[in-house]
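A.B. asks: Residue numbering for the sequence shown follows our numbering, beginning at 967 and increasing consecutively. Don't be surprised by glycine CBs; every beta carbon is placed ideally from N, CA and C. Structure in structure tokens, see below.
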Amino acid sequence: MNKLAGIYVHIPFCIKKCPYCDFYSITDQSLEHLFIEALIKEMQIISRHPLFFDSLYLGGGTPSVLKPANIGKIIENAYRLFNILTASEVTIEVNPGTITPEKLKGYRDIGINRLNIGVQSFQDANLDFLGRIHSSNDAKKTIKWARKAGFDNIGIDLIYGIPGQTKKAWISDLQKAVEFEPEHLSCYMLTYEKGTPLDRDRQQGKFKPVADFLTGKLFETTMEYLTNCGYVQYEISNFAKDVHRKSRHNLKYWSVTPYLGFGPSAHSFIEFQRYRNCRNVKKYINHIKEGRLPVEEKEILNREQRMMEMIYLGLRKTDGININAIDEQLGINFCQIFAEKIKQLEKDGYILHIQPKNRCALSRKGMLFLDSIASMFISEHI
Ligand code: SF4
């Protein structure tokens, strides 16, 4: 693997926990200082890494709750300790309600060139349901401030499938987002993650989730609406204004490209080995203080697992699975192994076999069934 790698930094703080979220974060920000110290030390321990990087991503949690000087420290140390190319993509996730025009100008000054804004919805009732701390107006202000601060690469995150949401209401959210001409849009379906308060409320019948057929319709609407507006869909949930505005960093996750992750709960993926840091800020700080890496789980993927990974992640992208790469890396003949499956799925209109590039991708219809199609390939082989 000689591709350029990515660096992910997990900021584990949020103002308030959203009831649907299962990302690791805490609301007690009194540990910010100790966390930053530990994070820099973690980077120092790994620092002589031979890889070259062309993306740095600050995610979370809510990175924009950090003191701007601490964000500066992270970026500065990342550049000092790793081979990060000059023209790298440097992204920070920000949430409306935690941002000011000054913070945004500061981010530009320290070299952040891409902003991902957690808008989720332009309708206050939806934001209330999602337990967000901000209003639709806060979101609009954040986008305007970001443009004013000079950001020319802005991504907006939206959520669909919120109880009570109609197709019309979802289109209105998409329309409002497109009016701001963001370079990137991520549209995620609301999911009920095990153990989250929202999932408990659903199980107790406190609200009625959107019916599956409507969620499917909303997904189709998203693809139709955004491609009509000129956006390029390059992954199930991700759309870019043009091919140069795809998220370089996130593409690494779906292309089985190496990345290093820092901070509690962050994952790293190098040479088909996956590492996961512990999901607890205090533990994380203590590990580092004692001179130990905070890795809690290490997994070395065997041949079957590598194939599963490459199939599942590849099918998420509209470019699909790179068959030549699978054949080369795993020493197999993908088209021969799955000849029957490919023929059938192609005939039924679920997948497209893109011949000149030798790729296998889901059709729009197939995208609705990503999980079941991926597992058909996998179960056939194992
Ligand atoms: S702000 Fe984001 S990371 Fe924080 S709790 Fe809400 S969804 Fe999760």
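#1: Within 7 Å: the Cβ of PHE1001 and any heavy atom of the ligand SAH?
#2: Can you check whether the CB of ILE1109 is closer than 8 Å to the CB of PHE1048?
#3: If you measure between the beta carbons of LEU1024 and GLU1068, is that distance less than 8 Å?
#4: Bridge partners of GLU1264, per DSSP?
#5: Just to be sure I understand the criterion: a residue counts if its Cβ is closer than 6 Å to at least one heavy atom of the ligand SF4. Which residues meet that?
#6: Could you tell me which of THR1066, THR1028 and MET1009 sits nearest to ILE1041, measuring between CA atoms?
#7: Would you mind stating whether LEU1070 and ALA1105 have Cβ atoms separated by less than 8 Å?
#8: Note down, in chain order, each residue of its chain lying with its Cβ closer than 6 Å to the Cβ of LEU1318, except the 5 sequence neighbours on either side.
#9: Would DSSP call GLY1072 helix, strand or coil?
#10: Helix, strand or coil for ILE1320, going by three-state DSSP, please let me know.
#11: Just checking my contact of ILE977 with GLY1027 at CB under 8 Å: how many whole Å lie between their CB atoms?
#12: Exposed or buried, what is VAL1209 when buried is set at 16 or more other beta-carbons lying within 10 Å of its beta-carbon?
#13: Please name the residue, chosen from VAL1056, SER1341, GLN1295 and ILE1292, that lies closest to LEU1311 on a Cα-to-Cα basis.
#14: Would DSSP call TYR990 helix, strand or coil?
#15: Return the first residue and the last residue of the beta strand (DSSP E) that HIS1210 is part of.
#16: Suppose you measure from the CA of ARG1211 to the CA of PHE1179; what does that come to, to the nearest Å?
#17: Can the beta-carbon of ASN1103 be found less than 8 Å from the beta-carbon of GLY1084?
#18: Would you list the one or two residues that DSSP bridges to LEU1124?
#19: Pick out the complete beta strand (DSSP E) segments inside the segment 1164-1234, 3 residues or longer, and give them in chain order.
#20: For GLN1086 and ILE1120, which I take to be in contact (beta-carbon distance under 8 Å), what is that distance rounded to the nearest angstrom?
#21: Determine whether the beta carbon atoms of TYR1280 and ASN1288 lie at a separation below 8 Å.
#22: Whole angstroms is fine: what's the gap from ALA1206's alpha carbon to PHE1335's?
#23: In whole angstroms, what is the alpha-carbon distance linking TYR1197 and GLU1149?
#24: Going by beta carbon distance, what residues of the same chain come within less than 7 Å of VAL1233, once the five residues before and after it are set aside?
#25: Find the nearest neighbour of ASN1082 within the set SER1030, MET1155 and THR1066, judged by alpha-carbon distance.
#26: Have a look at ILE1128 and GLN1141 and give me their C-alpha separation to the nearest angstrom.
#27: Is it right to say LEU1259 is buried, meaning 16 or more other beta carbons lie within 10 angstroms of its own, or is it exposed?
#28: Can you tell me the Cα-Cα spacing of ARG1098 and CYS984, whole angstroms?
#29: Taking C-alpha atoms, which residue in GLU1306, MET1273, ILE1050 and ILE1254 lies nearest to ALA1291?
#30: If you draw a straight line from the alpha carbon of SER996 to that of ALA1004, how long is it in whole angstroms?
#31: According to the Cβ coordinates, are GLU998 and ARG1214 closer than 8 Å?
#32: From this set, GLU1306, GLN1295 and LEU1017, which residue's C-alpha is nearest LEU1267's C-alpha?
#33: Quick one, are the C-beta atoms of TYR1316 and ILE1344 less than 8 Å apart?
#34: Of the choices HIS1253, ASP1090, TYR1191 and LYS1323, whose alpha-carbon is the least far from that of ILE1011?
C.D. replies: To lay it out plainly:
#1: For the structure depicted, the ligand SAH is absent and the ligand set comprises only the ligand SF4.
#2: no
#3: no
#4: In the sequence as presented, Glu is not what sits at residue 1264; that position holds Lys. Partner(s): TYR1241.
#5: CYS980, LYS983, CYS984, CYS987, PHE989, SER991, GLY1026, GLY1027, THR1028, ASN1061 and GLY1084
#6: Checked all of THR1066, THR1028 and MET1009; the closest Cα to ILE1041 is MET1009.
#7: no
#8: Hits under 6 Å: ALA1327 and SER1329.
#9: helix
#10: DSSP, reduced to helix, strand and coil, places ILE1320 within a strand of the structure shown.
#11: 4 Å
#12: exposed
#13: SER1341
#14: DSSP places TYR990 in coil when its eight states are reduced to three.
#15: No beta strand (DSSP E) contains HIS1210, which DSSP labels as neither H nor E.
#16: 31 Å
#17: no
#18: GLN1086 and CYS1153
#19: Here the runs fully enclosed are 1198-1201, 1204-1206 and 1225-1228.
#20: Contact doesn't hold; Cβ gap of about 15 Å is too wide.
#21: Per the sequence presented here, residue 1280 reads as Gly, with Tyr not at that position. Their beta carbons are under 8 Å apart, which means GLY1280 touches ASN1288 by this criterion.
#22: 22 Å
#23: 9 Å
#24: Inspection of the sequence shows that residue 1233 is occupied by His rather than by Val. Contacts found: GLY1227, ARG1240, TYR1241 and ARG1242.
#25: SER1030
#26: Cα-Cα distance, rounded: 17 Å.
#27: Classification of LEU1259: exposed, given that the 10 Å Cβ count is below 16.
#28: 6 Å
#29: MET1273
#30: 14 Å
#31: no
#32: Of the candidates GLU1306, GLN1295 and LEU1017, the residue whose Cα lies closest to the Cα of LEU1267 is GLN1295.
#33: no
#34: Closest by C-alpha distance to ILE1011, out of HIS1253, ASP1090, TYR1191 and LYS1323, is HIS1253.
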